[in-house]
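K.L.:
One structure, pasted below without further comment.
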Amino acid sequence: MAKDKKKKEVTEEVTEEVTEEIVDKVCAEELEETKEPTLEEQIETLNNTIKELKNNMLKQHADLENTKKRLEKERVTERKYAAMNVCKQIITPLDHFDLALKHEGSTEEVQNFLQGFKMIKEQLSKALEEQGVSSIDALDEEYNPNFHQAIMTEKVEGKEANIVLEVLQKGYMYKDRLIRPAIVKISE
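Residue numbers for the sequence shown follow numbering that gives the first Met the number 0, so the first one is 0 and each next one is one higher.
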């Protein structure tokens with residue numbers, strides 16, 4: 000019994016010591032968690048926050064500048080090519096004038112009409128040129144798929160392959176953009 004009593008006392012003593020250690024540890028951790036940061040820690044935290052805010056501000060400023068540049072570039076492009084759709088629409092009547100002028104008039108009255116058509120065609124051509132429209136020179140040139148659309152081929156003695164033999168429909172450029180490719184017949 001004395002042994003059991005002694006064992007019980009030692010167990011209670013050890014339990015008390017372990018419990019005290021655990022309580023001390025928990026209290027110390029709670030103190031650390033509730034402890035206010037030092038002045039240096041506060042300064043470091045604030046400096047890090049300032050750096051992050053500056054970095055975000057610089058990124059947003061760069062995004063804003065890039066957006067401004069992109070919008071200005073789009074505005075310039077829109078102004079540069081603003082008349083392109085109107086010019087496209089005028090090209091078809093211009094082709095019709097070319098077809099009408101290919102016919103020869105038999106009477107003086109028809110000759111006068113053809114002369115009037117010729118004058119109107121020249122005025123339209125001049126107006127288109129002033130806006131930046133130019134016809135694509137294709138006859139006797141080397142075939143270029145970027146500017147020509149070949150719909151026929153013909154074998155001709157003395158001509159190299161891929162040379163434009165005949166222009167079936169004129170092609171047009173608006174400034175540096177293709178409005179319509181020239182429809183051509185090329186040599187084989």
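Even for Gly, the Cβ is constructed at its ideal location relative to N, Cα and C. The model shown is predicted, which means the values in this text are computed figures rather than measured ones.
Looking at residue 188: is its Cβ nearer than 8 Å to the Cβ of residue 148?
P.N.:
Because residue 188 is not part of the residues shown, which for the chain are 0 to 187, the question remains open.
K.L.:
With distances taken between CB atoms, is the gap from residue 160 to residue 187 smaller than 8 Å?
P.N.:
Closer than 8 Å, so yes.
K.L.:
Give the secondary structure of residue 186 by DSSP, where H, G and I count as helix, E and B as strand, and everything else as coil.
P.N.:
Note: residue 186 maps to strand in three-state DSSP.
K.L.:
Just to confirm before moving on: does the CB-CB distance between residue 123 and residue 178 stay below 8 Å?
P.N.:
Not a contact, by the Cβ cut-off of 8 Å.
K.L.:
In the structure shown, what three-state DSSP assignment does residue 134 receive?
P.N.:
Three-state DSSP puts residue 134 in a strand.
K.L.:
Since residue 117 contacts residue 100 with CB under 8 Å, what's their CB separation in whole angstroms?
P.N.:
Right, the Cβ-Cβ distance comes to about 6 Å (below 8 Å), so this counts as a contact.
K.L.:
Helix, strand or coil for residue 170, going by three-state DSSP, please let me know.
P.N.:
If DSSP states are grouped into helix, strand and coil, residue 170 belongs with the strands.
K.L.:
Can you tell me where the beta strand (DSSP E) holding residue 153 begins and where it ends?
P.N.:
Here the beta strand (DSSP E) through residue 153 covers 147-153.
K.L.:
How many Å lie between residue 194 and residue 169 at the Cα?
P.N.:
In this structure the chain extends from 0 to 187, so residue 194 is not present and cannot be described.
K.L.:
Start and end of the alpha helix (DSSP H) containing residue 89?
P.N.:
First-last of the alpha helix (DSSP H) with residue 89: 83-101.
K.L.:
Would you check if there are 3 or more beta carbon pairs closer than 8 Å linking the stretch 133-142 to the stretch 152-166?
P.N.:
Contact between the stretch 133-142 and the stretch 152-166 is present, because at least three Cβ pairs lie under 8 Å.
K.L.:
Does DSSP put residue 160 in a helix, a strand or coil?
P.N.:
Reduced to three states, the DSSP call for residue 160 is coil.
K.L.:
Tell me the rounded alpha-carbon separation between residue 112 and residue 185.
P.N.:
Roughly 35 Å between the two C-alpha positions.
K.L.:
Can you tell which of 157, 136, 84, 110 has the C-alpha that lies nearest to the C-alpha of residue 165?
P.N.:
The shortest C-alpha separation from residue 165 is found at 136.
K.L.:
Which partner residues of residue 78 appear in the DSSP bridge assignment?
P.N.:
In DSSP, residue 78 forms no bridge with anything.
K.L.:
When you compare only the Cα positions, how much space is there between residue 69 and residue 63?
P.N.:
Cα to Cα, the separation comes out at about 10 Å.
K.L.:
Measure how close the beta-carbons of residue 174 and residue 131 come, nearest whole angstrom, since I'm counting them as under 8 Å.
P.N.:
Right, the Cβ-Cβ distance comes to about 4 Å (below 8 Å), so this counts as a contact.
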